[in-house]
Every structure is written in structure tokens, then in C-alpha cells.
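For reference, the structure discussed in these notes is given below.
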Amino acid sequence: MPIENLSEFKSLLENPTKFLPVFQTTTITLQGRMFDLFSANLPTAGSTASTGIPLNSGTAGSINSPQTVNYSLTGNDFTIIGSEVNISTPGYWILCDRLAHSAGANATTITDQTVGLPTASLPRYTNGIGVMMGITVWTAIGSTITACRATYTNSNDVTGRLTPDIQIAGASYNTVRRFMLLPLQQGDLGVKSVQILKIGTSTTTAGNFGVVLFKPLYALCGNLDYNSTNDFISSKTFGGFPQIHKNACLFLLHVPLSPGFSTQGVTTLNGLLKVIDY
Amino acid sequence: MGNINDLSDLINRSSGGSSGNPQTVFFHKTNRIGGGAADATIAGRAHSLWLYEGYPTSGPTPPVGSFVNTNQTTGSLFFNNPSNNNESHLIQFFTTSTFGGTLLLYDRLYVDGGLTGNSTAVQDTSGVITRNVTGIGNIAFLEINTTIGTTATTVRMVYQNESGLTRTGALVAIGGTNNRERTRAILLPTATGFNDKGIKNVLSISLTASTTTAGNMSLVLAKPIAYVAVATAGAPGGRDFVVGLPGIPKIEPSSCLSLLWFANSTSSSDYFGGYSIVEA
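Those sequence lines, one after another, are chains H and F. The numbering of the first sequence is numbering that gives the first Met the number 0, which starts it at 0 and goes up by one. The numbering of the second sequence is numbering that gives the first Met the number 0, which starts it at 0 and goes up by one.
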């Protein structure tokens, strides 16, 4: 149900249906690069144990438990109307719904790798439209730069689609939690599942990497003022009034402005999402 | 149809009321072209991201001839046409990138492909404008798809202004270092001394001398929509037009949303961003 006007919006901001807690902390070392915070320390570190199964709000690593994200009096999805956050590192924090992922790929193996693949069927956004994919580094891989690509099924159920090669490994591309977005094959509109990962040459360290299928929902612009009250008209958040589907496995992608900004040596985001259930 | 009355109306439409049909689209572009590394950028110069891989996918190198580009063209950012004779309005636009610069969201009106960098002959272009047909605010640029020659020279266009008058544009540098590389966008100036307000059609381009290598170029007619600056790597860059009422940009049906990058550095960048659109 839409929000009728400014007056109702103000009222909802003061008294939303629920405050969803968001707390993430991790070590970030590279300015301007994207990191996958699913395996960060809090609330619970996500792990490779969930490889091969659809991800949901009960998956370890999801920001919200089923008790919070699925609680709705009306049975509707939640809609984000604002947030209150404190951050230690400026940059963008992108709230996403993690749909499926894999682990176990070896960064010294140059043949087709199918460990943990194919990814599980999409539990949400099942037509694949708007679903993105990226390589996540579970354990640091090597220092030798190489190319990486995925074989996937697109949103039209065409199998054997090939992403263009991207760079992984080497400085800025090999640390734990680094996340490198995979492009689609020309003309495709989305992805449903990934079958194969392949790298061009050994990175010299096996490490552990995999692929993540996800749907971006909301971007929080962490400014230098550390504490932000954000809503649709604050110019600090982007995504309109995004919906959180039931059972969503919420996680954050982070692009830090300055890795050395935190006085604690770690990056934290601590806050609340204001949501309504209509 | 077409007006957002006030902030209350905008909130209502953006949350799904009044046939607002809100759409939020996220995109990413990675500094790869055809599976290989993208060319280095040139600080302070314009670059087209049309060939960059990502989500959505890269666009193809335009073939010889003239083609209207739409939201169905491969390489266009995703955009659903409005319903019920409504108009689409850009509410939010944000991006982050691995290096600083300024990102321009534009509507790619049409493209003329197959132009060369080693001919001094007049190269006719025959594109026909189908959106922003008044021409006001439109810009034209040459998009370099395959690197042209090392010899520096100049280029100019012949075009019709917003009144349909034929003009000869001023000369601008092309070829040679910083004006020849793949993805470089050579912005074509309008005629000096006429105060033209835009471009309806580009009729031809001509080089003063050969750059010595043909390469491959396209003529693009474009309608700029919104700029967003990224001060440095990882810096949040965004435009929230909600706070800029009533200056909310409109997006015409079938717009081929595309990106130009004005680089701050010599390193090609990755991008992650998004935009929100609402109908009225």
C-alpha cells in the first residue's frame, strides 16, 4: 500500500513497523574496491557451509534473523523507508539479498571447476532479471594476476552462457572478502545459475573462492559525519522505497572511501533500518 | 499527465501510488572490453562506457550505417517505458567507482557507425532523431571504437540546429596522443558565434587531415540527463532530485540510457551504481 503523503511519511519515520538492526564489522584494506561482508564477524560470520543450498534469512551470515525479517502483521514484504546508521569508514554500503553462492574453487587449478556448483535454484527473483553475480574470495588467493570467467544459465534459461573474462588475483584482487563483479554475456538480461568457474593461469596460491548470485536493494551513502539519519528525502540513500522479500538473506557489499579512516582498525556499520509492512 | 505536484505526490508515487510504477535499477560496469583490459583513460577527457562489460552487457561496435538506439538496444541501461501515457522522471542517480571522475547519464538518441580516422573526405551521417526532437540540449560526439592514428589533426561536424538551420561546427582536436584511444569520446562543438541551443541532426563529419590509421568511430547524438561526481576512489557520488524539486529530469519513452565518464586519472575504472525512476 503506498504512502499517501508527506505527513504520513513523517509519521511512519517516527513510528515504523519495525527497526531491523544492522551491525557489521570487518577489516578493510583497499580504498575504492568492493568487499563482500557476508563472512564478516557480526552478527554471525557466514561460511562456506551453505554452498549449494538456497540462502535465506536463517542462513548464518544473514544480517537479519527470520524473527526480524519475516515479521509482518499484514503478510506483505517489508519496505525500507529510512535508516539510522553510524559508520567508521565512509563510502557506499550496498544492502543486497544474497540468493545463492558457492565455495571451494582453487586458484591454482586452470581446468573447469565445478566444486559447489551448480549454484542452487534462485529462491527469490526467480526469473533472474536484476540478479547480478560476482566472485567472492573466501580465503586469500595468489599474487599472480589471471583471468576468471563463469559459465551460467541466463534469465531465458539458455545454458552455456559465458561471462567475459575479468581480472582476479594480484594486488587489490586477492584478499579475503574481495568481491569482483562478473559481467553478463552480451545481450543477456540476468542470471539464474552458475555451472562452472575457470581461471586462465595459476595465481600460485590455492585459497578458496566462489561465485555469489545476489540482488541489490538499497545503497547507504556513508558520509564523513559518521552518524547518518537517512530517508527518501535525505539524499544519503538510494533505491527509492526498496522491498525486502520474505526470507531475504540480507548482506552488505562495501566500497570504502578510505581504508585507514577507522581508529579501531576495523570498519563497522552499526544501525537500524526503518521498515513498514505495507 | 507528466507533473509531480509536490513532495507528497512524489512520495506517494515512489511508494507505488497513483500509478507511479517506481523502478530502481542497479548497474555495474567493469573496466574490461571483449574480455581484455580496457584502455587507460586520459585525465580530464571524456570516455564512452558503451563497450565496457558489465550489467547490463556491453554494447556492440555499431556497424556501418545509421541506427536509432532505444531501451531495447543491446548495451542500453535497463529502463521500462511508462504506462498510460505517463512520463518518466529520474528521482535518484548514484555511483561509486575505483577512481575519481564524473559520470554522465545520457540518452543515446542515434548512432552513425563505420566512420574512419584516415580520410579527409566528407563522411556523411544520416541519423534521424526520434526523441528530444527539438534538438535543444542535445550534444554530439565521436566515439572511438578502434584506436585511430597518431597524427594529430582536427575534425568538425555539419549539423542542423534547433531551428533546422544548417551550421558548420568549430574545429576540435582528434588523433594523436590523448585523442585517439579506444573509448575516447571526442565532443564536437557547435558553430562559433551563433548561440545555437542544440542539435537536431548531424549531417556529416570531416577531418582536416588523416590521422594515418582508419580505426573505427561512431557519431553519437546524445541528450545529457544527469551528472554525478565521484571525488576519489570509493567516494559516494549521487544526485537526489527529491531534494531538488521541481528540477526533476524527464526520461523519454524508449530512451537508450548510457554512460560517459570524465576521468580524473589515467586508470580505467570499475563502477557500481543505480537509479530510481517514477512515473507521473
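The beta-carbon is built from N, C-alpha and C at its ideal position, and this holds for glycine as well. Because the structure is a prediction, the values reported are computed rather than measured.
Residue i vs residue j beta-carbon contact at 8 angstroms
| i | j | result |
| --- | --- | --- |
| L76 (chain F) | L256 (chain F) | yes |
| A120 (chain F) | N263 (chain F) | no |
| S120 (chain H) | P53 (chain H) | yes |
| I243 (chain H) | L251 (chain H) | no |
| M131 (chain H) | V193 (chain H) | no |
| G206 (chain H) | A106 (chain H) | yes |
| S10 (chain H) | W137 (chain H) | no |
| G283 (chain F) | A232 (chain F) | Chain F is shown from 0 up to 279; residue 283 (chain F) falls before or after that span and cannot be answered. |
| I109 (chain H) | S201 (chain H) | yes |
Which residues DSSP lists as bridging residue i, in chain order
| i | result |
| --- | --- |
| R238 (chain F) | F:F92 |
| F26 (chain F) | F:G272 |
| A228 (chain F) | F:T101 |
| T58 (chain H) | Looking at the DSSP assignment, T58 (chain H) forms no beta bridge with any residue, so it has no partner. |
| H100 (chain H) | H:V211 |
| P1 (chain H) | According to DSSP, which records beta bridges pairwise, P1 (chain H) is partnered with nothing at all. |
| M156 (chain F) | F:I204 |
| R177 (chain H) | H:F34 |
| V51 (chain F) | Inspection of the sequence shows that residue 51 (chain F) is occupied by Tyr rather than by Val. None; Y51 (chain F) has no bridge partner. |
| R107 (chain F) | F:A221 |
| T138 (chain H) | H:N207 |
| K249 (chain F) | F:H88 |
| T165 (chain F) | F:Q159 |
Cross-chain neighbours of residue i in chain F, by beta carbon under 9 angstroms
| i | result |
| --- | --- |
| R160 (chain H) | Near R160 (chain H) there are no residues of chain F at all, since even the closest Cβ is about 11 angstroms away, more than 9 angstroms. |
| P20 (chain H) | By Cβ distance, chain F contributes nothing, its closest Cβ being about 23 angstroms from P20 (chain H), past 9 angstroms. |
| G221 (chain H) | P235 |
| P122 (chain H) | Here the premise fails: no neighbours, minimum Cβ distance about 19 angstroms. |
Residue i - containing beta strand (DSSP E), residue span
| i | result |
| --- | --- |
| L251 (chain H) | L249 to P255 |
| F271 (chain F) | Y270 to E278 |
| N144 (chain F) | I138 to T145 |
| I86 (chain H) | F77 to I86 |
| F22 (chain H) | K17 to T25 |
| N269 (chain H) | T266 to I275 |
| L187 (chain F) | A184 to L187 |
| V67 (chain F) | G64 to V67 |
| I198 (chain H) | V190 to I198 |
| L259 (chain F) | L256 to A262 |
| A172 (chain F) | V171 to I173 |
Proximal chain H residues relative to residue i, where beta-carbon distance stays under 8 angstroms
| i | result |
| --- | --- |
| L6 (chain F) | L5 and I232 |
| N11 (chain F) | P1, I2, E3 and N4 |
| Y54 (chain F) | M131, L180, P182 and L183 |
| I90 (chain F) | G239 |
| V241 (chain F) | F231, I232 and S234 |
| G34 (chain F) | A146, R148, P163 and D164 |
| F98 (chain F) | G31 |
| S18 (chain F) | Going along chain H, no residue has its Cβ under 8 angstroms from S18 (chain F), so there is no contact; the nearest lies around 10 angstroms. |
Beta-carbon neighbours of residue i, restricted to chain H and to distances below 7 angstroms
| i | result |
| --- | --- |
| A232 (chain F) | Q30 and G31 |
| T23 (chain F) | G238, G239 and P241 |
| T73 (chain F) | Q185 and G186 |
| S57 (chain F) | Q185 |
| G15 (chain F) | P1 |
Cut-off 8 angstroms between Cβ atoms - residues of its own chain near residue i, not counting five sequence neighbours on either side
| i | result |
| --- | --- |
| P81 (chain F) | N20, S87, P252 and E278 |
| Q263 (chain H) | Summary for Q263 (chain H): the model assigns pLDDT 45, below 50, so the residue's position carries little reliability; its value from the coordinates is reported in the next sentence. Same-chain partners within the cutoff: S87. |
| F78 (chain F) | Q22, V24, N70, S87, I250, S254, L256 and I276 |
| H27 (chain F) | G53, Y54, D269, Y270, F271 and G272 |
| T56 (chain F) | T73 and G74 |
| N2 (chain F) | A279 |
| T50 (chain H) | H100, S101, A102, G103, G115 and G209 |
| T265 (chain F) | A39, T40, I41 and A42 |
Close Cβ partners of residue i (< 6 angstroms) along its chain, the five nearest in sequence each way excluded
| i | result |
| --- | --- |
| S261 (chain H) | Because the pLDDT at S261 (chain H) is just 47, under 50, the model does not fix this residue reliably, and the value given afterwards should be weighed accordingly. So the list reads S87 and T88, once near-sequence residues are dropped. |
| D195 (chain F) | N160 and T189 |
| G127 (chain H) | S154, G189, V190 and K191 |
| I275 (chain H) | L11, P15, T16, T78 and I80 |
| Q184 (chain H) | R160 and L161 |
Chain H residues whose Cβ lies nearer than 9 angstroms to that of residue i
| i | result |
| --- | --- |
| T29 (chain F) | P163, I165, Q166, M179, L180, L181 and P182 |
| P188 (chain F) | What P188 (chain F) touches in chain H: nothing, since even the nearest Cβ is about 33 angstroms away. |
Proximal residues to residue i (C-beta, below 7 angstroms), its chain only, five neighbours per side dropped
| i | result |
| --- | --- |
| V63 (chain F) | G112 and G113 |
| L220 (chain F) | L108, Y109, G126, I128, N137, A139, I198 and V201 |
| T124 (chain F) | S65, D111, V201, L202, S203, I204 and L218 |
| N63 (chain H) | L19, S56 and L249 |
Contact set between residue i and chain F, taken where Cβ atoms lie within less than 7 angstroms
| i | result |
| --- | --- |
| A218 (chain H) | F93 and G273 |
| Y91 (chain H) | T95 and P235 |
| F208 (chain H) | In chain order: nothing, as chain F lies at least about 17 angstroms away. |
| F8 (chain H) | I10 |
Proximal chain F residues relative to residue i, where beta-carbon distance stays under 8 angstroms
| i | result |
| --- | --- |
| L256 (chain H) | T231, A232, G233, A234 and P235 |
| P15 (chain H) | Within 8 angstroms Cβ-Cβ: nothing; P15 (chain H) doesn't reach chain F, min ~13 angstroms. |
| P53 (chain H) | By Cβ distance, chain F contributes nothing, its closest Cβ being about 21 angstroms from P53 (chain H), past 8 angstroms. |
Enclosing alpha helix (DSSP H) for residue i [first to last residue]
| i | result |
| --- | --- |
| N153 (chain H) | Run containing N153 (chain H): none in the alpha helix (DSSP H); it sits in the beta strand (DSSP E), T145 to N153. |
| G12 (chain F) | Reading off the sequence, residue 12 (chain F) comes out as Arg, not Gly. Unbroken alpha helix (DSSP H) run through R12 (chain F): L6 to S13. |
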